[in-house]
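Colleague: Pasting in a structure now, in structure tokens, and then I'll have a few things to ask.
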Amino acid sequence: MLNPYVRPGIDDRPDLDKALSPEDKAAVARLAIKGNRRPPEASADQPETQAVRLVTAAPASVASSAAAAAAAASVDAPAPDMASAYLDMRDPVVAANGEKPSAREVSRLNWGFFAASMLVGAPWVALNTIAMPNAVARLFHYDTAMLEVVINPATGRPFPVATELAMPLAVLVIVGVVAAALFTPLVSALSDRTRTPLGLRTPWMVAGGLLCALITLILGQDTSMVVLCFFWAMMQFAYAMLSAPLAAAISERVPDKFRPRIERWHGIGVMLAQTLGVLVGAFGVMFGSSAPFKAIAWVFAISGIAAALILPREPSSEEMPRRRFSSGEVLDQLRPPAGSPAFALAFTARTCMMAGVGLTSVFLWYLVRFWVYGKPVLFTSAPLTIPAGFLIAGMAVATLIGAALASWSAAPISEAIESRGIATPVVVAAACLTYAVGLALAWGLGAWSTGAARENGMLLFALISGFAFGLYDALGLEMVMDSLPDPRTAGRDLGVYALANSAGLALAAIIGAILVNAFSHSFGYYLLFPSAIVMVLLAGIVTLRGAGDKE
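Under numbering that gives the first Met the number 0, the first residue of the sequence shown is numbered 0, with each subsequent residue one higher.
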């Protein structure tokens with residue numbers, strides 16, 4: 000019988016595990032080079048992570064469903080990622096965490112982040128837009144379902160109602176903004192150091208969803224303003240546990256080759272989440288003041304778990320090298336880049352724009368309930384939350400249509416202005432002007448009329464603002480990237496730029512509360528529209544100023 004052929008140097012090599020003695024193995028181990036594994040890049044330094052945060056960090060409102068149009072618009076203005084696989088010899092189908100997903104796993108990543116963006120974003124929008132303003136009204140003994148309106152005998156028109164609610168709501172918003180600005184970088188830094196068999200991000204997402212659900216149920220109870228503010232601040236930490244790891248996971252788990260497609264679908268999910276969240280809040284409040292909180296809590300509870308189940312299993316992080324926690328890593332995410340006037344102007348323009356958006360979005364439930372429907376309703380005993388809920392739901396759909404149009408047209412508009420030599424800041428300023436026109440229409444149609452005219456004005460405003468803000472975000476992204484002082488610190492600088500959303504929201508709450516309270520016996524919430532127009536136009540002027548300084 001012939002013996003099998005033995006390939007020299009291949010088949011006749013000894014099994015070193017069996018051939019070497021323990022002493023020989025110890026000697027080889029002493030001579031081996033022990034390379035320390037390089038720790039993964041902090042999420043604060045990942046430009047793609049901060050770009051995702053920028054999409055989802057806009058004020059949670061009807062108008063902000065257009066914020067995700069930039070991610071879904073396919074405008075070629077990527078974040079300057081110096082760690083991209085396209086800049087070195089790494090395989091672009093291998094993710095930053097070392098995973099090489101199969102075709103099936105890439106599909107799961109795509110639909111997993113799409114579903115997660117909706118499950119995480121929708122309850123947050125419902126909470127901010129309707130549930131929390133309604134909870135503040137309940138604390139001050141306002142029944143938003145049935146409200147007796149007092150008529151001014153001099154004019155025959157109703158007095159502005161519920162104007163004293165503007166200040167406590169503004170306090171609540173500011174508490175949330177400050178807490179979110181501190182807790183989001185803290186959670187990011189802590190999750191970067193998580194060493195568990197379930198990976199870096201999955202434990203935070205699951206625990207964050209469950210904690211959000213628990214705090215939401217507490218917020219839905221009859222408490223005091225102090226208790227409401229405390230748990231609202233805790234809610235910012237819980238939501239950061241859910242949203243910050245999700246944004247980092249997109250950067251770490253998606254290979255560069257598939258990232259544009261997955262980020263586009265994530266942006267579409269954020270757009271849908273904004274609309275679905277408003278619908279949940281609008282229809283929930285029709286069944287009582289506590290109904291929205293119960294629905295929101297259920298969605299929060301399943302959001303983190305569902306995201307972990309739909310996405311491919313995250314690899315273990317137990318062997319990740321230990322890193323000491325430093326408070327400077329958190330504070331650095333709040334420190335703007337020094338010596339960059341272009342970045343300062345871009346930040347200022349964004350803050351003004353977000354203030355203009357926030358003046359209507361922060362007080363949207365009060366605008367609709369107490370301004371549009373703040374009048375006697377004859378021959379009906381139906382709760383006034385029903386028409387108010389339907390109007391806000393209609394505004395959400397109209398904004399989604401406008402944002403979808405902006406997403407579809409942003410790329411052709413970008414190519415057209417580039418081919419014709421038109422400066423991008425001019426088009427971005429035109430988008431600000433368009434948004435101001437939408438505000439003016441709602442203001443003008445509702446100034447001296449009631450009923451259907453105000454409803455139509457709000458719907459028209461929602462449609463125009465969705466389109467205008469979508470273009471502002473999609474086309475303004477290129478200006479933001481150009482304003483970054485150093486590509487090597489693009490991640491941190493983008494994170495600082497995202498704080499303009501929070502700064503604008505806080506500014507809107509302060510301005511709106513002061514105006515509503517100062518003119519509570521004459522105009523009330525009516526003054527929110529002209530003040531929003533001023534802030535939006537100021538954003539356009541600062542944008543043009545920044546372009547002039549750059550030239």
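C-beta: ideal position from N, C-alpha, C; glycine also.
Taking all protein chains shown into account, do 16 or more other C-beta atoms lie within 10 angstroms of the C-beta of residue 557, making it buried, or fewer, making it exposed?
Modeller: Outside the shown range of the chain, which is 0 to 550, sits residue 557, and nothing can be said about it.
Colleague: Measuring only the C-alpha atoms, how far is residue 461 from residue 518?
Modeller: Reading the sequence shown from its first residue, position 462 is the one you call residue 461. Reading the sequence shown from its first residue, position 519 is the one you call residue 518. Each residue's alpha carbon lies about 26 Å from the other.
Colleague: Indicate the three-state DSSP secondary structure (helix, strand or coil) for residue 319 in the structure shown.
Modeller: Position 320 of the sequence shown, counted from the start, is the residue given in the question as residue 319. Residue state, collapsed to three classes: coil.
Colleague: Can you give me the C-alpha to C-alpha distance between residue 219 and residue 293, rounded to a whole angstrom?
Modeller: Residue mapping note: residue 219 aligns to position 220 of the sequence shown, counting from 1. Residue mapping note: residue 293 aligns to position 294 of the sequence shown, counting from 1. Going by the C-alpha atoms only, they are around 8 Å apart.
Colleague: Which one of 498, 230, 201, 241 has the shortest CA to CA distance from residue 252?
Modeller: Against the sequence shown, residue 252 aligns to sequence position 253. It is 201 whose Cα lies nearest to the Cα of residue 252.
Colleague: Roughly how many angstroms separate the alpha carbons of residue 240 and residue 299, rounded to a whole number?
Modeller: For the purposes of this step, residue 240 is identified with residue 241 of the sequence shown, where counting begins at 1. For the purposes of this step, residue 299 is identified with residue 300 of the sequence shown, where counting begins at 1. Taking the straight line joining both Cα atoms gives about 12 Å.
Colleague: On the DSSP letters alone, give me the boundaries of the alpha helix (DSSP H) that residue 138 sits inside.
Modeller: Taking the sequence shown and counting its residues from 1, the one referred to as residue 138 is at position 139. It spans 131-138 - the alpha helix (DSSP H) in which residue 138 sits, taken as one unbroken run.
Colleague: Would you check if the distance between the CB atom of residue 526 and the CB atom of residue 515 is smaller than 8 Å?
Modeller: Working through the sequence shown from its first residue, we reach residue 526 at position 527. Working through the sequence shown from its first residue, we reach residue 515 at position 516. Contact flag set, yes.
Colleague: Could you tell me the boundaries of the alpha helix (DSSP H) in which residue 422 lies?
Modeller: Numbered from 1 along the sequence shown, position 423 holds the residue referred to as residue 422. Note, residue 422: premise wrong, no alpha helix (DSSP H); not H, not E.
Colleague: Considering just the uninterrupted stretch of the alpha helix (DSSP H) at residue 262, what are its terminal residues?
Modeller: The sequence position of residue 262 within the sequence shown is 263, counting from 1. 258-284 is the extent of the alpha helix (DSSP H) around residue 262.
Colleague: Along the alpha helix (DSSP H) that carries residue 174, what are the first and last residues, could you check?
Modeller: Looking up residue 174 in the sequence shown gives position 175. Here the alpha helix (DSSP H) through residue 174 covers 165-190.
Colleague: With contact counted as at least three CB pairs below 8 Å, one residue from each stretch, are the stretch 477-497 and the stretch 399-412 in contact?
Modeller: No, the stretch 477-497 is not in contact with the stretch 399-412.
Colleague: If you drop the 5 nearest sequence neighbours on each side, which residues of the same chain put their C-beta closer than 7 Å to that of residue 458?
Modeller: Locating residue 458 in the sequence shown gives position 459, where the first residue counts as 1. Closer than 7 Å at Cβ, skipping near neighbours: 393, 394, 397.
Colleague: How is residue 49 classed by DSSP in three states: helix, strand or coil?
Modeller: Numbered from 1 along the sequence shown, position 50 holds the residue referred to as residue 49. Residue state, collapsed to three classes: helix.
Colleague: Residue 235 by DSSP, collapsed to three states: which one?
Modeller: In the sequence shown, counting from the first residue as 1, residue 235 sits at position 236. Three-state result, residue 235: helix.
Colleague: Could you check if residue 425 is buried or exposed, using at least 16 other CB atoms within 10 Å of its CB as the buried criterion?
Modeller: Looking up residue 425 in the sequence shown gives position 426. It is exposed - the Cβ of residue 425 has fewer than 16 other Cβ atoms within 10 Å.
Colleague: Skipping 5 residues on each side, what residues in its chain have a beta carbon closer than 7 Å to that of residue 316?
Modeller: Position 317 of the sequence shown holds residue 316. Around residue 316: 193, 194, 195, 198, 199.
Colleague: Going by beta carbon distance, what residues of the same chain come within less than 7 Å of residue 532, once the five residues before and after it are set aside?
Modeller: The count along the sequence shown starts at 1 and reaches residue 532 at position 533. Counting only Cβ-Cβ distances below 7 Å, and skipping sequence neighbours, we find 435, 438, 439.
Colleague: For residue 471 versus residue 352, is the C-beta distance shorter than 8 Å?
Modeller: Here residue 471 is taken as the residue at index 472 of the sequence shown, counted from 1. Here residue 352 is taken as the residue at index 353 of the sequence shown, counted from 1. The answer is yes: Cβ separation under 8 Å.
Colleague: Whose C-alpha, out of 529, 257, 400, is nearest the C-alpha of residue 103?
Modeller: As a working mapping, residue 103 is identified with position 104 in the sequence shown. Selected option, being the one with the closest Cα: 257.
Colleague: I'd like to know whether the C-beta of residue 4 is nearer than 8 Å to at least one C-beta of chain D.
Modeller: Given the protein chain composition of this structure (a single chain), no chain D is represented.
Colleague: Keeping to the same chain, check which residues put their C-beta closer than 8 Å to that of residue 36; ignore five residues upstream and five downstream.
Modeller: To locate residue 36, count along the sequence shown from 1; it is residue 37. Unreliable placement is indicated for residue 36, whose pLDDT of 48 sits below 50; the coordinate value is still reported in the next sentence. Within the same chain, residue 36 has close Cβ partners 318, 319, 320.
Colleague: Taking one C-beta from the stretch 299-308 and one from the stretch 110-117 each time, how about it: are there three or more such pairs within less than 8 Å?
Modeller: In short, these stretches touch, since the Cβ pair count reaches three.
Colleague: Can you give me the Cβ contacts of residue 309 inside the same chain, cut-off strictly under 6 Å, excluding the 5 residues immediately before and after it?
Modeller: Within the sequence shown, the letter at position 310 stands for residue 309. Once the five neighbours on either side are set aside, the close Cβ partners of residue 309 are 111, 114.
Colleague: Near residue 377, what residues of its chain come up, given a Cβ to Cβ distance below 7 Å and the 5 sequence neighbours on each side ignored?
Modeller: What you label residue 377 is simply residue 378 of the sequence shown in a count that begins at 1. For residue 377, the pLDDT reaches just 40, beneath the cut-off of 50, and the residue's location in the model is therefore unreliable, although a value from the coordinates is still provided. Closer than 7 Å at the Cβ level, and outside the excluded window around residue 377, lies no residue.
Colleague: When we look at the beta-carbon of residue 249 and count the other beta-carbons within 10 Å, is it buried (16 or more) or exposed?
Modeller: Numbered from its first residue, the sequence shown carries residue 249 at position 250. So residue 249 counts as buried.
Colleague: Would DSSP call residue 94 helix, strand or coil?
Modeller: As a working note, residue 94 is residue 95 in the sequence shown. Correct three-state label for residue 94: coil.
Colleague: Cutting at 7 Å between CB atoms, please list the residues of its own chain near residue 230, excluding the five before and the five after it.
Modeller: On the sequence shown, position 231 is the one that residue 230 refers to. Result list for residue 230: 214, 217, 218, in chain order.
Colleague: Which whole runs of the alpha helix (DSSP H) in the stretch 294-360 are 4 residues long or more, in chain order?
Modeller: As far as the stretch 294-360 is concerned, its whole alpha helix (DSSP H) runs of at least 4 residues are 326-330, 340-360.
Colleague: Provide the residue span of the alpha helix (DSSP H) that contains residue 26, from first to last.
Modeller: Position 27 of the sequence shown, counted from the first residue, corresponds to residue 26. Segment 21-30, the alpha helix (DSSP H) holding residue 26.
Colleague: Thinking just about the alpha-carbon of each residue, which of 139, 296, 259, 166 is nearest to the one in residue 221?
Modeller: Here residue 221 is taken as the residue at index 222 of the sequence shown, counted from 1. Measuring from the Cα of residue 221, the nearest candidate turns out to be 139.
Colleague: What's the C-alpha gap between residue 385 and residue 266?
Modeller: Working through the sequence shown from its first residue, we reach residue 385 at position 386. Working through the sequence shown from its first residue, we reach residue 266 at position 267. One C-alpha to the other measures close to 31 Å.
Colleague: Quick one: residues in its chain with C-beta nearer than 7 Å to the C-beta of residue 314, no 5 flanking neighbours on either side, listed in chain order?
Modeller: Along the sequence shown, read from residue 1 onward, the residue named residue 314 stands at position 315. Hits under 7 Å: 96, 98, 198.
Colleague: Got a sec, what are the start and stop residues for the alpha helix (DSSP H) residue 198 sits in?
Modeller: Here residue 198 is taken as the residue at index 199 of the sequence shown, counted from 1. Where residue 198 is concerned, there is no enclosing alpha helix (DSSP H), given that its DSSP letter is neither H nor E.
Colleague: Alpha carbons only, please: which of 312, 187, 421 is nearest the one belonging to residue 329?
Modeller: As a first step, residue 329 must be located in the sequence shown, where it is residue number 330. Residue 187 is the option with its Cα nearest to residue 329.
Colleague: Here's the rule I'm using: 16 or more other beta-carbon atoms within 10 Å means buried, otherwise exposed. How should residue 9 be labelled?
Modeller: As a position in the sequence shown, residue 9 is number 10, starting the count at 1. Exposed: under 16 other Cβ atoms inside 10 Å.
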